[in-house]
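According to our numbering, the residues represented by the sequence shown are 21 to 435, in order. Step one of this worksheet: look at the structure below.
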Amino acid sequence: MGHSESEALDVERIREDFPILQREFDGEQVVYLDNAATTQTPEPVVETIADYYRTTNANVHRGLHQLSQEASIAYEDAHDRVAEFIGASGEREEIVFTKNTTESENLVAYAWGLNELGPEDEVVLTEMEHHASLVTWQQIAKKTGATCRYIRVEEDGTLDMDHAREIITDDTAMLSVVHVSNTLGTVNPVAELADIAHDHDAYIFVDGAQSVPNRPVDVEAIDADFLAFSGHKMAGPTGIGVLYGKKHLLEEMEPYLYGGMMINKVTFEDSKWNDLPWKFEAGTPVICQGIALAEACDYLDDIGMENIRRHENELAQYTLERLDDEGDVTALGPPAGVERGGLVSFNLDSVHAHDLSSILNDSAVAIRAGDHCTQPLHDKLGVPASARASFYVYNTREEVDKLIEAIDDARQLFA
Ligand code: PMP
């Protein structure tokens, strides 16, 4: 495809890579706007998965036969490709393949948090954290006696940075912050937050589930100590997540899971751990998924992450504009005109989000309704749920128009 950076996307061409977008329900072509939950998978990635099983499938690391060697090289190289995608100069040693973002969060919470936190320590989060980090750190804090504190979210959906500077102190051991909110669309100033954390000798864990798939992210530029994301939100398969960690931190950390592959030497009395990143990949790893994720990185880089960011922001801004037409919609997050991730959560005065989502389904428009795994944030905003339209590289303004038409139909139904 060879899009250079800062170029309008050839969306029609890109859509050809995603046959699922041609599906019809009752004669209506699907309008897939649930990309913050899971993105669709392009042909080159589907082909990589099929090819792997057709030509290369074998277990990795321990085999001396040709298939195992080929699978091992492809799997190990996939770590380097993912490292390059996020600007990690430590290459494979800094990239652990997990099951998803949630497992990456738990890995650090258990392997680092459980050993390092005590009653004198604080973990700082934000009020807009996804349950993947909020519940995880909350429960590890309970086990260790540490305290969780939350940076306030302002009316306009941004973080209260004065409050951040107030509650990130020398007692802070870990700051866990979502880069782009999956509910508000807010883009948080993670580099600035990393500086504040580091000034107090605290670490920063960046939840990149909604940023790495949708915008250029350079872990070293933002100086993240840890960063997590999921393959299934970035044109890759389900069943794979990534944990980036600075090499010295991963070296110091104890393993999270024990078993085969993660060891170097085992006796009846004790065991020694394998090199990074294998120390954190116990048992047969996510071989095919890892190789397919590397292909997804190629696919996205070919389009250009900056192009993807701009395209999604434009669709989100257009959606905010169109939703505003009738005056009965409350959109969550930053107001129109402010840069946001490619999603808009909203509520209609007259139709509950769940009803809206199922009525939209009748027009083959797929959105999500619920708390989007941010229950405390919804409580704070005083709404039990919201509807969320979220975009990816293949969505169009015409699809936003169909969303708006379907919302109009729902209004009529409830009028
Ligand atoms: N964090 C954020 C911001 C997310 O949007 C999600 C997925 N909704 C997750 C974490 C969890 O991702 P996964 O379900 O792939 O573990």
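Yeah, the Cβ is synthetic: ideal placement off N, Cα and C, and Gly gets one too.
Between the C-alpha atoms of residue i and residue j, what's the straight-line distance to the nearest angstrom?
i, j, result
"L343", "M254", "27 Å"
"D322", "G402", "42 Å"
"T203", "N284", "43 Å"
"T189", "I379", "48 Å"
"L127", "M181", "28 Å"
"A184", "L137", "20 Å"
"Y319", "H199", "22 Å"
"R33", "V358", "29 Å"
"K162", "I224", "20 Å"
"T178", "R388", "22 Å"
"Y521", "V420", "Residue 521 falls outside the range modelled here, since the chain spans only 21 to 435, and no answer is possible."
"L118", "S196", "The question names Leu, but residue 118 is Thr in the sequence shown. C-alpha separation (whole angstroms): 18 Å."
"L277", "W132", "13 Å"
Tell me the DSSP secondary structure of residue i in three-state form.
i, result
"G133", "helix"
"D227", "strand"
"I387", "coil"
"K253", "helix"
"C393", "coil"
"G310", "helix"
"Y264", "strand"
"T206", "coil"
"S88", "helix"
"S365", "strand"
"Y52", "strand"
"S291", "strand"
"F411", "coil"
"L436", "With the chain covering only 21 through 435, there is no way to say anything about residue 436."
"M325", "helix"
"F300", "helix"
Is the distance from the Cβ of residue i to the Cβ of residue j below 8 Å?
i, j, result
"I260", "V306", "yes"
"V226", "I242", "yes"
"L406", "A373", "The question names Leu, yet the displayed sequence has Ser at residue 406. Closer than 8 Å, so yes."
"E147", "Y170", "yes"
"R408", "S365", "yes"
"H252", "T416", "no"
"V262", "I115", "yes"
"K267", "D245", "no"
"R360", "V144", "no"
"T76", "A56", "no"
"G110", "P354", "no"
Going along the chain, which residues of its own chain have a beta-carbon closer than 8 Å to the beta-carbon of residue i, five neighbours each way excluded?
i, result
"D348", "L368, D369, S370 and R431"
"W298", "H81, M281 and M282"
Enumerate in chain order the residues of its own chain whose CB-to-CB distance from residue i is below 7 Å, with the five nearest sequence positions on each side excluded.
i, result
"C317", "R101, V102 and F105"
"R172", "E147, D180 and H183"
"T156", "E125, N126 and A129"
"A98", "G310, I311, L313 and A314"
"N135", "E274"
"L340", "A351, A356 and V364"
Considering only residues of the same chain and omitting the five flanking positions on each side of residue i, which have a CB-CB separation below 6 Å?
i, result
"E9", "The structure shown does not extend to residue 9, since the chain spans only 21 to 435, so no value can be given for it."
"G22", "Only weak support is given to the placement of G22: the predicted model assigns it a pLDDT of 48, under 50, and the question is left unresolved by the model."
"T68", "A312 and E315"
"K292", "N284 and K285"
Count Cβ pairs between the segment 262–280 and the segment 60–74 that sit closer than 8 Å; are there 3 or more? no
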